[in-house]
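Trainee:
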Amino acid sequence: MTPPTLLTGWGRTAPTAAHVVRPRSARQVADALAGAGPRGVLARGLGRSYGDAAQAAGGLVLDCTELTGPPRLDPDRGEVTAPAGTSMGRLIAHLLRAGHFVPVTPGTRHVTLGGAIAADVHGKNHHADSSLGAHVRALTLVTPDGRTRRLTPDGPDADLFWATVGGMGLTGVITEATIAAHPVETAYARVDTDRTRGLDATLDLMARTDDDYRYTVCWLDLLARGAATGRGVLTRAHHARIADLPRPLRRAPLHHRPTAPVGAPPWAPPRLLNRWTVGAFNAAYHAAAPERRRGQIQPLSSFFHPLDAVRGWNRVYGPHGLVQYQFVVPFGAEDTLTDIVTGLSRAGAPSFLAVLKRMGEPTPGPLSFPRPGWTLALDLPADLPGLGRLLNGFDERLLTVGGRLYLAKDSRARAETVHAMYPDLPAWRRVRERVDPDGVLVSDLAHRLRLV
Amino acid sequence: MRDAVGTVRTVLLLGGRSEIGLAIVERLVRDGAREVVLAARDGVPAPPSVLTALGATVHSVDFDATLPDTHVKVVDHAVELVGDLDVVVDAFGVLGDQAEFEADPASAARAAAVTYTGHVSVDLAVAARLRAQGHGTLVVLSSVAGVRVRRFNLVYGSAKAGLDGFAQGLADSLHGTGARVLVVRPGYVPTRMSAHVDPAPFPTTPERVAEVVTAGLRSGATTVWAPRVLGPVFAGMRMLPRAVWRRLGR
């Protein structure tokens, strides 16, 4: 057997070692599951979950990025079928050539289809279109009992389908999936941008105008003090039609070529990102945004995946890595949102990627994160003094209003807290135990949060 | 398993009555550890009530440093009780009295066995476990006494020198396995163990040592000194000519 490999999530915290194999077919996945040792097995994709969701300390990790092959688009049914290791970037490129687009894309195209379903990812259109799970027509799941199942959202094993959507890879290994594909005229977005002066103005503008747009998201400046706390840059967009494009772009409206990424430096000193450097960045970014701009034509790749332009941006947080914190609170709990934003500002917590978004309809997945309400995502240096205590305090606030944390982002929550946030966990466990009675599927996240 | 902000769930303390060891455990429990195993000769029937008051479940295991044949079983037993070992604090040892050692050389060898060879067997057993689980940190309580051995406590100092070298080698052998070793070099700490010796410069307390250790655990350090100033101090001490070193007072 090969020597173990140290694995971390995108946050680069808490590395653990596991044996890694790269299956190339569903057959090899089934063989690997059958040969798992006493410390269990887990599928891993492109490693973009921030915490310990794609690690299995001392166990076997199936790197599924070689489960690839050409996606198969069925334009009549409006759906595409692809192996689970296909990256979102590859899928988007394939679909755009045929004038289609994915129903949901997260903030990076460097995720696998299987991983995206296992985390039930959402995008800037959650308020309008829900999360990826709502658009999965079928998926192929290999389970530790040796069976390969084709699952659908309303078929005979619908409970297993929904336990897998958002199930963090703990119900089996997804080897293929069929998702909806929507026709688009161009590879561009038509973007409206507005700058807001404070959190109240931000919330108000979003609440009033979200429903007029397919895609919306707001970047927040959490370091601004006083009345400016929570000022932001709100971008809202639709898919551009051919008629929206300036004349030169109309010749090749589906031309899609994501800009080649610039690499972040291989190493950054600890504490490079602190309240002063990030504060200055935030102020400059806010000031540079237009007060109000309408109808800007932007390539879809730079609208959806701006961070993909910098390869390895997570290294900028230094050797101790970063903690990503994402929660959702129901509509009506804006006070809690405001308190957390004020708390972060007061603590001088240097977050330069704080993103606020409104969420709509959830999926039935018991562990699926999205709920109707406001979701805020932000990252912080993991070595920020007092970070654990600060975030534990926010968790307590979230519990009182029925808020919850996103498992794909978590790297530090307490088990009891997460259990209270996901009341359907016992139901999910019962489904899982049916297909994995011996508890072969594990992850560091599942251990830490006692999910299994 | 350690989380992103350094919180752990389980702690095994080898030397379950060690004041420094218990201070480290208490600190880890304050930061969120929930399962504690105290390993000492005949177990620790009356563990400090503060640990349970802080919300931890405390287990006790019989552990005799002088019986290396039992050490693998001790580690297995701890794993049966709490599962994966997130942090193992290796804190046992005897300081002894140099004059008594000189009068009874056999007792010196027995003390050296507790302070050195007992660690070799139990730490290798711990290392095997951490390697298999793919994560975990072994905290080894070395001492500045082992950095350069003084004639006034040469039995204790040489045993700590051996332990320190062993722990560093073990750290290198575990590199890349997910398991880590943190070597701790405290200076003079007034405790029951050191009550009979005269205080040395830069004294510290078990609580301060615990603070340095938990900071080292969070930052992923390989060596920490308590107090921190002893790092540069001993860098200088090591350079002193032998004739000067020999003459330094107690």
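So the protein sequences, as listed, match chains A and B. In terms of the numbering used here, the first sequence has 217 at position 217, counting the first letter as 1, and numbering is strictly consecutive. All you need for the numbering used here is the position in the second sequence, starting with 1, plus 1000. The C-beta atom is built at its ideal place from N, Cα and C for all residues, glycine as well.
Would you check if the stretch 1162 to 1172 of chain B and the stretch 1117 to 1129 of chain B touch, i.e. whether three or more CB-CB distances between them fall below 8 Å?
Mentor: The answer is yes - the stretch 1162 to 1172 of chain B touches the stretch 1117 to 1129 of chain B, with three or more Cβ pairs under 8 Å.
Trainee: Beta-carbon within less than 8 Å of residue 88 (chain A)'s beta-carbon, same chain only, minus the 5 sequence neighbours each way: which residues are those?
Mentor: Mapped onto the first sequence, residue 88 (chain A) falls at position 88. Cβ within range, chain order: 102, 105, 106, 108, 109, 110, 111, 112, 113 and 116.
Trainee: Less than 8 Å separating the beta-carbons of residue 1125 (chain B) and residue 1014 (chain B)?
Mentor: Working through the second sequence from its first residue, we reach residue 1125 (chain B) at position 125. Working through the second sequence from its first residue, we reach residue 1014 (chain B) at position 14. No, Cβ-Cβ distance for residue 1125 (chain B) and residue 1014 (chain B) is not below 8 Å.
Trainee: Are the stretch 423 to 432 of chain A and the stretch 1035 to 1047 of chain B touching by the rule of at least three beta carbon pairs closer than 8 Å?
Mentor: Because the criterion of three Cβ pairs below 8 Å is not met, the stretch 423 to 432 of chain A and the stretch 1035 to 1047 of chain B do not touch.
Trainee: Would DSSP call residue 412 (chain A) helix, strand or coil?
Mentor: Start at 1 with the first residue of the first sequence, and residue 412 (chain A) comes out as number 412. The answer is coil: DSSP assigns residue 412 (chain A) none of H, G, I, E or B.
Trainee: Please report the residue range of the beta strand (DSSP E) in which residue 238 (chain A) lies.
Mentor: Reading the first sequence from its first residue, position 238 is the one you call residue 238 (chain A). Start and end: 231 to 239.
Trainee: Check the Cβ-Cβ distances between residue 2 (chain A) and every residue of chain B, and say whether any is below 8 Å.
Mentor: Here residue 2 (chain A) corresponds to residue number 2 of the first sequence, with the count starting at 1. No, its Cβ sits nowhere closer than 8 Å to a Cβ of chain B.
Trainee: Which word fits residue 221 (chain A), buried or exposed, when buried means at least 16 other C-beta atoms lie within 10 angstroms of its C-beta?
Mentor: Looking up residue 221 (chain A) in the first sequence gives position 221. So residue 221 (chain A) counts as buried.
Trainee: Is any beta-carbon of chain B found at less than 8 Å from that of residue 323 (chain A)?
Mentor: Position 323 of the first sequence, counting from 1, holds the residue named residue 323 (chain A). Cβ-Cβ to chain B under 8 Å: yes for residue 323 (chain A).
Trainee: How is the alpha helix (DSSP H) around residue 400 (chain A) delimited, first residue to last?
Mentor: Within the first sequence, the letter at position 400 stands for residue 400 (chain A). First-last of the alpha helix (DSSP H) with residue 400 (chain A): 387 to 400.
Trainee: Closest to residue 219 (chain A) by C-alpha separation, out of A:159, A:307 and A:91, would be which residue?
Mentor: As a working note, residue 219 (chain A) is residue 219 in the first sequence. Nearest option by C-alpha distance: A:307.
Trainee: Should residue 1176 (chain B) go down as buried or exposed, given a rule of 16 or more other Cβ atoms within 10 Å for buried?
Mentor: As a position in the second sequence, residue 1176 (chain B) is number 176, starting the count at 1. So residue 1176 (chain B) counts as exposed.
Trainee: Have a look at A:157, A:71 and A:47 and flag the residue whose alpha-carbon is nearest the alpha-carbon of residue 431 (chain A).
Mentor: Within the first sequence, numbered from 1, the residue matching residue 431 (chain A) stands at position 431. Nearest option by C-alpha distance: A:157.
Trainee: State the start and end residues of the unbroken beta strand (DSSP E) segment that holds residue 1239 (chain B).
Mentor: Your numbering for residue 1239 (chain B) matches position 239 in the second sequence. No beta strand (DSSP E) holds residue 1239 (chain B); DSSP gives it neither H nor E.
Trainee: Please name the residue in B:1192, B:1129, B:1178 and B:1102 whose C-alpha comes closest to that of residue 1073 (chain B).
Mentor: Taking the first residue of the second sequence as position 1, residue 1073 (chain B) is located at position 73. Among B:1192, B:1129, B:1178 and B:1102, the Cα nearest to that of residue 1073 (chain B) is on B:1129.
Trainee: In chain order, what residues of the stretch 359 to 389 of chain A put their CB closer than 8 Å to some CB of chain B?
Mentor: If the cut-off is 8 Å between Cβ atoms, the stretch 359 to 389 of chain A has 382, 383, 387 and 388 near chain B.
Trainee: If the cut is a Cβ gap below 9 Å, which residues of chain A does residue 1055 (chain B) touch?
Mentor: Taking the second sequence and counting its residues from 1, the one referred to as residue 1055 (chain B) is at position 55. Ordered by position in chain A, no residue passes the 9 Å Cβ test against residue 1055 (chain B), which lies about 11 Å from the chain.
Trainee: In whole angstroms, give me the CA-to-CA distance for residue 1053 (chain B) and residue 1216 (chain B).
Mentor: Along the second sequence, one-based indexing puts residue 1053 (chain B) at 53. Along the second sequence, one-based indexing puts residue 1216 (chain B) at 216. Approximately 26 Å between the Cα atoms of the pair.
Trainee: Decide yes or no for the touch test of the stretch 30 to 39 of chain A against the stretch 341 to 355 of chain A: beta carbon pairs closer than 8 Å, at least 3 of them.
Mentor: No: the two stretches stay apart, fewer than three of their Cβ pairs being nearer than 8 Å.
Trainee: Have a look at the DSSP bridge pairing and note the partners of residue 194 (chain A).
Mentor: Counting from one through the first sequence, the residue named residue 194 (chain A) turns up at place 194. Residue 194 (chain A) is bridged to A:234 and A:292.
Trainee: Output needed in chain order: residues of the stretch 54 to 75 of chain A with a Cβ under 7 Å from some Cβ in chain B.
Mentor: Here the close residues are 57 and 58.
Trainee: Compare the Cα-Cα distances from residue 1037 (chain B) to each of B:1060, B:1241, B:1028 and B:1205 and report the closest residue.
Mentor: Here residue 1037 (chain B) refers to the residue found at position 37 when the second sequence is read from its first residue. Of the listed residues, the one whose Cα sits closest to residue 1037 (chain B) is B:1060.
Trainee: Three Cβ pairs or more, each shorter than 8 Å: is that satisfied between the stretch 133 to 143 of chain A and the stretch 192 to 200 of chain A?
Mentor: Result no; under three Cβ-Cβ pairs closer than 8 Å.
Trainee: Considering only the alpha carbon of each residue, which of A:326, A:261 and A:296 lies closest to residue 312 (chain A)?
Mentor: Here residue 312 (chain A) refers to the residue found at position 312 when the first sequence is read from its first residue. Cα-wise, what sits closest to residue 312 (chain A) is A:261.
Trainee: Mind listing which residues of the stretch 1161 to 1184 of chain B have their C-beta closer than 9 Å to chain A's C-betas, in chain order?
Mentor: Those residues of the stretch 1161 to 1184 of chain B that come within reach of chain A (Cβ to Cβ, closer than 9 Å) are 1176, 1177, 1178 and 1179.
Trainee: Is residue 111 (chain A) near the ligand ZN, with its Cβ less than 7 Å from a heavy atom?
Mentor: No copy of the ligand ZN appears in this structure; indeed no ligand is present at all.
Trainee: Out of curiosity, what's the CA-to-CA distance linking residue 1181 (chain B) and residue 391 (chain A)?
Mentor: Position 181 of the second sequence holds residue 1181 (chain B). Position 391 of the first sequence holds residue 391 (chain A). Going by the C-alpha atoms only, they are around 28 Å apart.
Trainee: Which residue comes first and which comes last in the beta strand (DSSP E) that contains residue 1080 (chain B)?
Mentor: Along the second sequence, read from residue 1 onward, the residue named residue 1080 (chain B) stands at position 80. No beta strand (DSSP E) holds residue 1080 (chain B); the alpha helix (DSSP H) holding it covers 1071 to 1082.
Trainee: Could you name the residues of the stretch 1061 to 1082 of chain B whose beta carbon sits closer than 7 Å to any beta carbon of chain A, in the order they occur along the chain?
Mentor: Listed in sequence order: no entries.
Trainee: Mind pulling the chain C residues with CB within less than 7 Å of residue 1132 (chain B)?
Mentor: In the structure shown, chain C does not exist; the protein chains are A and B.
Trainee: Residues of the stretch 1213 to 1230 of chain B with a CB closer than 8 Å to any CB of chain A: list them in chain order, please.
Mentor: If the cut-off is 8 Å between Cβ atoms, the stretch 1213 to 1230 of chain B has 1218, 1219 and 1220 near chain A.
Trainee: So which residues of chain A does residue 1237 (chain B) contact, with C-beta pairs closer than 7 Å?
Mentor: On the second sequence, residue 1237 (chain B) is found 237 positions in, with the first residue counted as 1. Simply none; closest approach about 29 Å.
Trainee: Could you work out which residues of chain B lie near residue 271 (chain A), taking near to mean beta carbons separated by less than 7 Å?
Mentor: Locating residue 271 (chain A) in the first sequence gives position 271, counting from the first residue. None at all; the shortest Cβ gap to chain B is about 12 Å.
Trainee: Could you compute how far the alpha carbon of residue 189 (chain A) sits from the alpha carbon of residue 1223 (chain B)?
Mentor: Position 189 of the first sequence, counted from the start, is the residue given in the question as residue 189 (chain A). Position 223 of the second sequence, counted from the start, is the residue given in the question as residue 1223 (chain B). Looking at the two C-alpha atoms, the distance is approximately 53 Å.
Trainee: Please decide whether residue 1004 (chain B) counts as near chain A, where near means a Cβ-Cβ distance under 8 Å.
Mentor: Translated into positions along the second sequence, residue 1004 (chain B) becomes position 4. It does: the Cβ of residue 1004 (chain B) has a partner Cβ on chain A nearer than 8 Å.
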